[in-house]
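**Student:** Below are the structure tokens for one structure; questions will follow.
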Amino acid sequence: MGFDVVLYSRNKEQIGFFEIPEAVHEAIFQSNTYWRSYVLLRKMNDYYATNVKFTAEEIAVLAKELQSMKLFIAARFHVEIDQIILRMSEPSVALAHIAGD
Numbered sequence: 000m001g002f003d004v005v006l007y008s009r010n011k012e013q014i015g016f017f018e019i020p021e022a023v024h025e026a027i028f029q030s031n032t033y034w035r036s037y038v039l040l041r042k043m044n045d046y047y048a049t050n051v052k053f054t055a056e057e058i059a060v061l062a063k064e065l066q067s068m069k070l071f072i073a074a075r076f077h078v079e080i081d082q083i084i085l086r087m088s089e090p091s092v093a094l095a096h097i098a099g100d
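What the sequence shown shows, in numbering that gives the first Met the number 0, is residues 0 to 100, in sequence order.
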């Protein structure tokens, strides 16, 4: 099981749900230590204890951090990371809740 991501509108209505696969999490956090340089990614490093909410402004920062991390992880994960960024960056998304197992 990966991270569950629930997306909410400005009216606090759920507008989306998807999973960040465990393999993507491992690629970001276990294959290197560069993630420690990124403030928001650090909040997601513990696979089992992660339970965070990001505002629209934080999502924009997180998207940039994820984009930067692509330099340090295997290319086979780049498409999945792009999809994560795309889904979270939709203009209608005001809040993202990310939780691990």
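The beta carbon of each residue, even a glycine, is placed where N, CA and C say it ideally should be.
1. Thinking C-beta only, is L39 closer than 8 Å to L61?
2. Which same chain residues, not among the five before or five after M87, have their C-beta less than 6 Å away from its C-beta?
3. What separation, rounded to the nearest whole angstrom, lies between the Cα atoms of H77 and I27?
4. Please name the residue, chosen from F2, R9, F17 and K63, that lies closest to E25 on a Cα-to-Cα basis.
5. Use the C-beta contact count for L65: other C-beta atoms within 10 angstroms, 16 or more gives buried, fewer gives exposed.
6. Return the first residue and the last residue of the alpha helix (DSSP H) that K81 is part of.
7. Indicate whether Q13 and V4 have their beta-carbon atoms separated by less than 8 Å.
8. Residue range of the beta strand (DSSP E) that I72 falls in?
9. Output the distance between the C-alpha atoms of E56 and V23, rounded to the nearest integer angstrom.
10. Mark F53 as exposed unless 16 or more other C-beta atoms lie within 10 angstroms of its C-beta, in which case mark it buried.
**Tutor:** Per the coordinate set shown:
1. Taking the sequence shown and counting its residues from 1, one reaches residue 61 at position 62. Taking the sequence shown and counting its residues from 1, one reaches residue 39 at position 40. Yes; because the gap between Cβ atoms is below 8 Å, this pair is in contact.
2. Locating residue 87 in the sequence shown gives position 88, where the first residue counts as 1. So the list reads I58 and A95, once near-sequence residues are dropped.
3. Taking the sequence shown and counting its residues from 1, the one referred to as residue 77 is at position 78. Taking the sequence shown and counting its residues from 1, the one referred to as residue 27 is at position 28. Looking at the backbone, the Cα of H77 and that of I27 are separated by about 11 Å.
4. Here residue 25 refers to the residue found at position 26 when the sequence shown is read from its first residue. Comparing alpha-carbon positions, the option among F2, R9, F17 and K63 lying closest to E25 turns out to be F2.
5. Working through the sequence shown from its first residue, we reach residue 65 at position 66. With 16 or more Cβ atoms within 10 Å of its Cβ, L65 is classed as buried.
6. In the sequence shown, the residue the question calls residue 81 occupies position 82. Lys is not the amino acid found at residue 81; the sequence shown has Asp there. Where D81 is concerned, the enclosing alpha helix (DSSP H) stretches over H77 to M87.
7. Along the sequence shown, read from residue 1 onward, the residue named residue 13 stands at position 14. Along the sequence shown, read from residue 1 onward, the residue named residue 4 stands at position 5. No, Cβ-Cβ distance for Q13 and V4 is not below 8 Å.
8. For the purposes of this step, residue 72 is taken as residue 73 along the sequence shown, with counting starting at 1. Segment: none, I72 is in no beta strand (DSSP E) and carries neither H nor E.
9. The count along the sequence shown starts at 1 and reaches residue 56 at position 57. The count along the sequence shown starts at 1 and reaches residue 23 at position 24. Distance from the CA atom of E56 to the CA atom of V23, rounded to whole angstroms, is 23 Å.
10. As a working note, residue 53 is residue 54 in the sequence shown. Its Cβ being crowded by 16 or more others within 10 Å, F53 is buried.
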